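Enquirer:
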Amino acid sequence: MTFEIRVSSLQIKALQVPESIEAGQVVRLVCLFDPEQEDLYSVKWYKDDIEFFRFLPKDKPANQFFEIRDVEVDMSRSSNGTVFLKNTSRSAEGMYRCEVSADAPSFQSIFSEKFMAVEDRPEETPMSSAHSFCPWTLQWIIWTKILLQLLCQ
8 MTFEIRVSSL
18 QIKALQVPES
28 IEAGQVVRLV
38 CLFDPEQEDL
48 YSVKWYKDDI
58 EFFRFLPKDK
68 PANQFFEIRD
78 VEVDMSRSSN
88 GTVFLKNTSR
98 SAEGMYRCEV
108 SADAPSFQSI
118 FSEKFMAVED
128 RPEETPMSSA
138 HSFCPWTLQW
148 IIWTKILLQL
158 LCQ
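Positions in the sequence shown are counted from 1; adding 7 to them yields the numbering used here.
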């Protein structure tokens, strides 16, 4: 009788999620992993604990997208551990997680996550106040009646 001992060492080598982006920018998320001796079952991407992209190499099609608010995936450029986000807005800000799972017999899963901030910079230079057309003068006339007049000079 022989026994085979198999040690799994599925690893995520690097998770590339930008710390901060500008709204409207195309974003590339990369999950670099090494399955070692394991067969890959899936690579899944989540935003704030909600799955939005899945790569299952044995399925046809291998790439699957789950529509969620705040995230728009460019399916033509996304595959395996790389996902491209397009039309990003402030609401795309959040925690992004990559989860890699091995196939049978171990079904081991590992994940890594990073927060991505989205900046929405104004198109114009900042102003401390809006443009004023004319200065206002406040006059008080007090005797028999109290009258408030606003005069534009």
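Here a beta-carbon is modelled for each residue, glycine too, at the ideal position from N, C-alpha and C. Predicted model only: the values in this text are computed from it and were never measured.
1. Report the residue from I57, V37, F114, A99 whose alpha carbon sits nearest the alpha carbon of V90.
2. Ignore the nearest five residues each way along the sequence and tell me which others in D110's own chain have a CB closer than 6 Å to its CB.
3. In chain order, which beta strand (DSSP E) runs of at least 3 residues are fully inside the region 54-81?
4. Is A124 helix, strand or coil by DSSP?
5. Determine which residues share a DSSP beta bridge with F40 and list them.
6. I'd like the span of the beta strand (DSSP E) that includes S108, first residue to last.
7. Can you grab the Cα-Cα spacing for the pair L17 / P42, in whole Å?
8. Ordered along the chain, which non-local residues of its own chain (more than five positions away) have a Cβ less than 6 Å from that of S108?
9. Is N84 helix, strand or coil by DSSP?
10. Quick one: grab the DSSP three-state call for S49.
11. Excluding five sequence neighbours on each side, which residues of the same chain lie with their C-beta closer than 6 Å to the C-beta of M102?
12. Take V33 and list the residues in its own chain whose beta-carbon comes closer than 8 Å to its own, dropping the five residues that flank it on each side.
13. Would a C-beta distance cut-off of 7 Å place R97 and F118 closer than the cut-off?
14. In the DSSP assignment, find the unbroken beta strand (DSSP E) run with V29 in it and report its ends.
Expert: The structure says:
1. V37
2. D46, Y48
3. 57-62, 70-72
4. strand
5. I19
6. 101-109
7. 5 Å
8. Y48, S49, S116
9. First, the residue type needs correcting, since residue 84 is Arg and not Asn in the sequence shown. It is coil, neither helix nor strand.
10. strand
11. D55, E120, F122
12. D81, F91, L92, K93, T95
13. no
14. The sequence given here places Glu at residue 29; Val does not occur at that position. Here the beta strand (DSSP E) through E29 covers 27-29.
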